[in-house]
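All remarks here apply to the structure that follows.
In my numbering, the protein residues as written are 243 to 626.
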């Protein structure tokens with residue numbers, strides 16, 4: 243079954259897919275209730291009807307629990323085992339409870355046997371599935387012989403219908419597992435992209451500092467050795483260490499500044515690509531003309547945070563990014579339809595930090611919610 247690392251409860255599209263899968267699987271549950279219920283209507287003995295109804299309802303409840311566990315990745319494994327053992331126990335009890343219902347008139351238990359075979363792929367692996375099918379057919383034939391029914395009719399219903407249900411159930415759960423694995427792959431892709439960016443920055447810093455720190459260490463060691471015997475030269479070496487340290491600090495600051503001053507067009511393409519890879523329909527309306535570098539740098543920082551919020555805090559199905567210039571102001575709007583879920587608010591640390599940063603540059607950051615749409619709007623002044 244699907245990995246428990248994924249939580250469809252926090253993913254709108256995956257949650258909807260799970261609900262559709264549950265609804266489809268529930269159709270088989272109702273079939274396991276309605277078709278045996280025909281036997282209840284054809285039996286005139288109140289005692290058998292009452293016992294048969296108890297057995298059928300108990301089987302449907304146990305079957306529902308197993309189907310629910312099959313498409314609920316976050317459910318504890320202990321509950322899965324209990325649901326499966328509960329279905330096995332109820333299936334055994336249905337033989338004396340449901341078997342005699344409408345004996346010789348309607349293959350009441352055969353329909354439960356078909357449902358049990360249909361559940362087999364969700365309970366055990368392929369070799370054991372064959373054993374479950376064989377065992378269920380044997381029990382179905384035994385019930386037919388015991389109640390005076392047609393053995394052939396029981397076997398056709400139990401085997402033919404059961405294998406069909408098994409194929410349908412297996413396909414639906416298999417397709418659900420593929421959906422969950424696809425979402426896991428998208429999440430892993432986003433994490434990998436972030437990790438690669440961190441590694442790239444780490445390599446840049448290492449390249450800048452590696453040589454300088456090595457020279458500083460050697461110069462400092464030399465100064466320490468010369469201090470007792472040649473204080474004047476030791477002083478010159480210490481001064482050189484100070485100069486090298488200041489130079490290294492300048493280089494690091496330049497590297498960090500270059501890292502933060504990301505090209506806005508590249509940032510737009512990167513954010514849109516990540517959002518689309520995670521299943522969010524992303525529309526980008528870039529500025530019609532190139533923007534001054536200071537304004538572009540500030541908007542790139544806002545765009546990174548906005549893209550992170552869409553992925554991490556909302557469950558958006560679409561996102562629209564629009565950047566345009568109005569005289570001496572550049573305005574960027576990032577809107578998505580994830581406002582009905584728990585998302586970032588005006589007190590978010592990331593948004594508050596961006597608001598402070600834009601304010602220092604003479605800009606402004608605003609957020610608003612309208613129905614299901616969350617909108618982030620950033621304005622940055624530019625020199626005419």
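We put the beta carbon where it would ideally sit given N, CA and C, even for glycine.
Asked                                                                                                                             : Found
Buried versus exposed call for residue 535 [16 or more other C-beta atoms within 10 Å across all chains shown]                    : exposed
CA nearest to the CA of residue 376, picked from 364, 405 and 351                                                                 : 405
Beta strand (DSSP E) segments (min. 3 residues) lying fully within the stretch 294 to 363                                         : none
Distance between residue 572 and residue 532 (C-alpha atoms, nearest Å)                                                           : 11 Å
Span of the alpha helix (DSSP H) around residue 373                                                                               : 368 to 389
Through-space distance from residue 400 to residue 341, alpha-carbon basis                                                        : 13 Å
Residue environment, residue 484, which counts as buried when at least 16 other CB atoms sit within 10 Å                          : exposed
Residue(s) in a DSSP beta bridge with residue 576                                                                                 : 563 and 618
Within 8 Å, strictly: CB atoms of residue 347 and residue 294                                                                     : no
Sequence-distant residues of its chain with Cβ nearer than 7 Å to residue 387 (five each side left out)                           : 393
Endpoints, beta strand (DSSP E) assigned at residue 393                                                                           : Element bounds for residue 393: not the beta strand (DSSP E) but the alpha helix (DSSP H), 393 to 397.
Residue 325 and residue 298 closer than 8 Å at C-beta                                                                             : no
Option in 364, 620 and 544 with minimal Cα separation from residue 567                                                            : 620
At least 3 beta-carbon pairs within less than 8 Å: the stretch 538 to 552 vs the stretch 505 to 524                               : yes
With 16 other Cβ atoms within 10 Å as the buried cut-off, status of residue 351                                                   : buried
Host beta strand (DSSP E) of residue 533 (start-end)                                                                              : Here residue 533 belongs to no beta strand (DSSP E), and DSSP marks it neither H nor E.
Straight-line Cα distance separating residue 426 from residue 379                                                                 : 39 Å
CB contact check: residue 362 to chain B, cutoff 8 Å                                                                              : Among the protein chains of the structure shown there is no chain B, as only one such chain exists.
Under 8 Å between C-beta atoms of residue 383 and residue 371                                                                     : no
Residue 525: first and last residue of the uninterrupted beta strand (DSSP E) it sits in                                          : 523 to 527
Nearest neighbour of residue 623, chosen from 540, 596 and 550 [CA to CA]                                                         : 540
Limits of the beta strand (DSSP E) - the one that residue 557 falls within                                                        : It is not in any beta strand (DSSP E) - residue 557 carries neither H nor E in the DSSP assignment.
Nearest-angstrom Cβ-Cβ length linking residue 312 and residue 321, presumed shorter than 8 Å                                      : Actually they are not in contact, since the Cβ atoms of residue 312 and residue 321 sit about 12 Å apart, beyond 8 Å.
Neighbourhood of residue 358 by C-beta distance below 6 Å, restricted to the same chain and skipping five residues each side      : 333 and 378
C-alpha gap between residue 613 and residue 411, whole angstroms                                                                  : 38 Å
Beta-carbon contacts of residue 263 that lie in its chain and below 6 Å, excluding the five residues immediately before and after : 313, 414 and 418
Residue 505 versus residue 328: straight-line alpha-carbon distance, rounded                                                      : 60 Å
Through-space distance from residue 559 to residue 291, alpha-carbon basis                                                        : 50 Å
Whole-angstrom distance between residue 317 and residue 550, CA atom to CA atom                                                   : 28 Å
Cβ shell of residue 244 (< 6 Å), same chain only, five flanking positions each side left out                                      : Confidence at residue 244 is low in this model, with a pLDDT of 41, below 50, so its placement is unreliable and the value that follows should be read with caution. Same-chain partners within the cutoff: 315, 419 and 422.
Contacting residues, own chain, Cβ-Cβ under 6 Å from residue 577 (five flanking each side not counted)                            : 562, 615 and 617
Local conformation of residue 473 per DSSP, three classes                                                                         : helix
Strand pairing of residue 608, partner residues [DSSP]                                                                            : 619
Short Cβ contact (8 Å threshold) for residue 458 with residue 491                                                                 : no
Sequence-distant residues of the same chain with beta carbon closer than 6 Å to residue 537, five excluded per side               : 572, 622 and 624
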